[in-house]
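Chemist: Handing you this structure, nothing more for now.
Numbering (the numbering used here), first residue to last: 2 to 291.
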């Protein structure tokens, strides 16, 4: 950015992005690059617009062009990290996020993305550590608190999970993502009624999100009386540590095998019966969106 006009044009693009008028922002940015064909900031800006438009291949291309001109362009690295995260390219994401953190160690979103990756891999302690780093930078971000609540629930730290849930709700400004992760945390704690409430809110705010829809239906299924009865013993298992669950299963296989087999059969039957029941209640006899 070399002139006042350039700064003004750049600011106009940023404003259009904030208004989510991405196509208009892209047109303005493309005009700007004609004036500054070698400016890495403009290339990175276009990359970010494509990222927001979910056109990840184009986003990666333009971020690479920005980094070719300026290897430490922060926004370009941010786009690259987000693209690899969205594509589930673990190795590329790990390499990109390490370099991005070297350049911009105070970008809390990187720690949030790392935490989600760690949770997917079952590396719960690493996920918690990453979230604590994110919260050290921005202590009251409800999304980070919600994901940490979910992580604590996975670690069977239910009281801490509930405490974080309360704080997240105090700061939440109707975010579908926050409701989604709080719903996952509630489900992990075995509170499917609360999960249903959170997932209903997530679907209300983002009705086309298939993952939100699936988790909402899962909560409805778990709240069916038949499924509650069958899963009643699972409530106790949730409070046990992994090694305790393993011992319980070994004991059941050795001494209570007929009952265990009966439980599995009843579980399978109840699963499909309640799944069908929920489907009919929500969609009727056809397949429609939630």
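Glycine residues also receive a C-beta, built at the ideal position from the N, C-alpha and C atoms.
So, helix, strand or coil for residue 74, using DSSP?
Modeler: Position 73 of the chain shown holds residue 74. DSSP places residue 74 in coil when its eight states are reduced to three.
Chemist: Can you give me the C-alpha to C-alpha distance between residue 88 and residue 47, rounded to a whole angstrom?
Modeler: Mapped onto the chain shown, residue 88 falls at position 87. Mapped onto the chain shown, residue 47 falls at position 46. Approximately 19 Å between the Cα atoms of the pair.
Chemist: So, under 8 Å CB-CB, residue 113 and residue 151 are touching, yes? Tell me the CB distance rounded to an integer number of Å.
Modeler: Within the chain shown, residue 113 is the residue found at index 112, counting from 1. Within the chain shown, residue 151 is the residue found at index 150, counting from 1. Not confirmed; about 12 Å, so no contact.
Chemist: For residue 101 versus residue 116, is the C-beta distance shorter than 9 Å?
Modeler: Residue mapping note: residue 101 aligns to position 100 of the chain shown, counting from 1. Residue mapping note: residue 116 aligns to position 115 of the chain shown, counting from 1. No, they are not a contact pair.
Chemist: From residue 74 to residue 193, what distance separates their C-alpha atoms?
Modeler: For the purposes of this step, residue 74 is taken as residue 73 along the chain shown, with counting starting at 1. For the purposes of this step, residue 193 is taken as residue 192 along the chain shown, with counting starting at 1. Rounded to the nearest angstrom, the two C-alpha atoms are 45 Å apart.
Chemist: With a CB to CB cut of under 7 Å and the five nearest residues on each side skipped, what residues in its chain are close to residue 281?
Modeler: Taking the chain shown and counting its residues from 1, the one referred to as residue 281 is at position 280. Confidence at residue 281 is low in this model, with a pLDDT of 48, below 50, so the placement of that residue should be treated as unreliable; the coordinate-derived value is given next. Contacts found: none.
Chemist: From residue 36 to residue 14, what distance separates their C-alpha atoms?
Modeler: One-based indexing of the chain shown puts residue 36 at position 35. One-based indexing of the chain shown puts residue 14 at position 13. Distance between the alpha carbons of residue 36 and residue 14 is about 14 Å.
Chemist: Do residue 203 and residue 215 have their C-beta atoms closer together than 9 Å?
Modeler: The residue given as residue 203 occupies position 202 in the chain shown. The residue given as residue 215 occupies position 214 in the chain shown. In this structure, residue 215 does not lie closer than 9 Å to residue 203 by Cβ.
Chemist: Do residue 170 and residue 143 have their beta-carbon atoms positioned less than 9 Å apart in this structure?
Modeler: Along the chain shown, read from residue 1 onward, the residue named residue 143 stands at position 142. Along the chain shown, read from residue 1 onward, the residue named residue 170 stands at position 169. Their beta carbons are under 9 Å apart, which means residue 143 touches residue 170 by this criterion.
Chemist: With respect to the alpha helix (DSSP H) encompassing residue 204, which residues constitute its N-terminal and C-terminal limits?
Modeler: Counted from its first residue, the chain shown places residue 204 at position 203. Run containing residue 204: 193 to 206, per the alpha helix (DSSP H) assignment.
Chemist: To the nearest angstrom, report how far apart residue 198 and residue 187 are at their CA atoms.
Modeler: Position 197 of the chain shown, counted from the start, is the residue given in the question as residue 198. Position 186 of the chain shown, counted from the start, is the residue given in the question as residue 187. C-alpha separation (whole angstroms): 10 Å.
Chemist: Pick helix, strand or coil for residue 142, following the three-state DSSP scheme.
Modeler: Here residue 142 is taken as the residue at index 141 of the chain shown, counted from 1. Of the three classes helix, strand and coil, the one that applies to residue 142 here is coil, per DSSP.
Chemist: Given a threshold of 16 other Cβ atoms within 10 Å of its Cβ, counted over all protein chains shown, does residue 90 qualify as buried or as exposed?
Modeler: Within the chain shown, the letter at position 89 stands for residue 90. With fewer than 16 Cβ atoms within 10 Å of its Cβ, residue 90 is classed as exposed.
Chemist: Let me know the secondary structure DSSP gives residue 107 once reduced to three states.
Modeler: Position 106 of the chain shown, counted from the start, is the residue given in the question as residue 107. Reduced to three states, the DSSP call for residue 107 is coil.
Chemist: On the three-state DSSP scale, how would you describe residue 188?
Modeler: Against the chain shown, residue 188 aligns to sequence position 187. Helix, per DSSP.
Chemist: Within the same chain, show all residues whose beta-carbon is closer than 7 Å to that of residue 70, passing over the 5 residues directly before and after it, in chain order.
Modeler: Reading the chain shown from its first residue, position 69 is the one you call residue 70. Closer than 7 Å at Cβ, skipping near neighbours: 39, 41 and 44.
Chemist: If you run the structure through DSSP and keep just helix, strand and coil, what is residue 93?
Modeler: Numbered from 1 along the chain shown, position 92 holds the residue referred to as residue 93. Three-state DSSP puts residue 93 in a helix.
Chemist: Reducing DSSP to helix, strand and coil, say where residue 18 ends up.
Modeler: Counting from one through the chain shown, the residue named residue 18 turns up at place 17. Helix at residue 18.
Chemist: If you check the beta carbons only, do residue 207 and residue 162 fall under 9 Å apart?
Modeler: Within the chain shown, residue 207 is the residue found at index 206, counting from 1. Within the chain shown, residue 162 is the residue found at index 161, counting from 1. Their beta carbons are not under 9 Å apart, which means residue 207 does not touch residue 162 by this criterion.
Chemist: If the criterion is Cβ atoms closer than 9 Å, does the pair residue 160 and residue 183 meet it?
Modeler: Looking up residue 160 in the chain shown gives position 159. Looking up residue 183 in the chain shown gives position 182. Not in contact: residue 160 and residue 183 (Cβ atoms no closer than 9 Å).
Chemist: Kindly indicate which three-state DSSP category residue 55 falls into: helix, strand or coil?
Modeler: As a working note, residue 55 is residue 54 in the chain shown. Coil.
Chemist: So, helix, strand or coil for residue 4, using DSSP?
Modeler: Position 3 of the chain shown, counted from the first residue, corresponds to residue 4. At residue 4, the pLDDT of 47 sits below 50, so the modelled position is not reliable and the matter cannot be decided from this model.
Chemist: Give the secondary structure of residue 156 by DSSP, where H, G and I count as helix, E and B as strand, and everything else as coil.
Modeler: On the chain shown, position 155 is the one that residue 156 refers to. DSSP places residue 156 in coil when its eight states are reduced to three.
Chemist: Could you check how far apart the C-beta atoms of residue 125 and residue 156 are, in whole angstroms? I think they sit under 8 Å.
Modeler: On the chain shown, position 124 is the one that residue 125 refers to. On the chain shown, position 155 is the one that residue 156 refers to. With 8 Å as the limit, residue 125 and residue 156 qualify as a contact, their Cβ atoms being about 5 Å apart.
Chemist: Whole angstroms is fine: what's the gap from residue 26's alpha carbon to residue 10's?
Modeler: On the chain shown, position 25 is the one that residue 26 refers to. On the chain shown, position 9 is the one that residue 10 refers to. Using only the alpha carbons, I get a separation of about 10 Å.
Chemist: Per the contact definition of three or more C-beta pairs closer than 8 Å, is the region 76 to 88 in contact with the region 52 to 67?
Modeler: Yes: at least three Cβ pairs fall under 8 Å.
Chemist: Give me the Cα-Cα distance between residue 158 and residue 224, rounded to the nearest whole angstrom.
Modeler: Your numbering for residue 158 matches position 157 in the chain shown. Your numbering for residue 224 matches position 223 in the chain shown. Rounded to whole angstroms, residue 158 to residue 224 spans 23 Å at the Cα level.
Chemist: Using the rule of at least 16 other Cβ atoms within 10 Å of the residue's Cβ for burial, across every protein chain shown, is residue 22 buried or exposed?
Modeler: Taking the first residue of the chain shown as position 1, residue 22 is located at position 21. Exposed, by the Cβ-count rule.
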